[in-house]
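Undergrad: Residue numbers (our numbering): -8 to 136. Virtual Cβ for every residue (Gly too), placed ideally from N, Cα, C.
1. Let me check understanding here. Comparing Cα to Cα, which of -2, 112 and 6 lies closest to residue 83?
2. Sort out for me which residues DSSP pairs residue 71 with in a bridge.
3. Check residue 39 in the structure and name its three-state DSSP category.
4. Under 8 Å: do the stretch 87 to 96 and the stretch 117 to 126 share three or more Cβ pairs, one atom per stretch?
5. I need the DSSP call for residue -2, collapsed to helix, strand or coil.
6. Among 39, 110 and 76, which one has its Cα closest to the Cα of residue 65?
7. Can you give me the C-alpha to C-alpha distance between residue 127 and residue -1, rounded to a whole angstrom?
8. Between the Cα of residue 42 and those of 20, 125, 3 and 97, spot the shortest distance and give me the residue it belongs to.
9. Beta-carbon within less than 7 Å of residue 15's beta-carbon, same chain only, minus the 5 sequence neighbours each way: which residues are those?
10. Looking only at its chain, what residues have a beta carbon closer than 6 Å to the beta carbon of residue 125, apart from the 5 residues adjacent to it on each side?
11. Assuming residue 34 is part of the beta strand (DSSP E), what are its boundary residues?
Dropping the structure here:
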């Protein structure tokens, strides 16, 4: 398994209540069990102004008593619509449910938002984007065609 570095940029954006580095390592281990080896930068700060190819997101634990989870879900939806070649993956049940709520209000749902890290469709998309970067080819997700 060859790790992709300096090409594919993946970010784990998690709430500050947990250890984001540990959580990103758990995601890496989960992906490695599916034959996917990527580097993941961990942060508890919104990556609003960073370039990335894959965003793993979990804000469930810090959502009680505030509207940050809903705000971040709306930002992700907007970013996903404007960056169709990126992947956006929700990594916790609570965050998945919040994203489902955000997506229910839309007439057209971006096809690059994935609910669940280990879902077959998520793993397939991750393998496709990793392979495209290994080949040096641009990649745009198209689950409908």
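TA: Based on what the coordinates show:
1. 6
2. Residue 71 is not bridged to any residue.
3. coil
4. no
5. coil
6. 39
7. 10 Å
8. 3
9. 3, 31 and 33
10. none
11. 31 to 34
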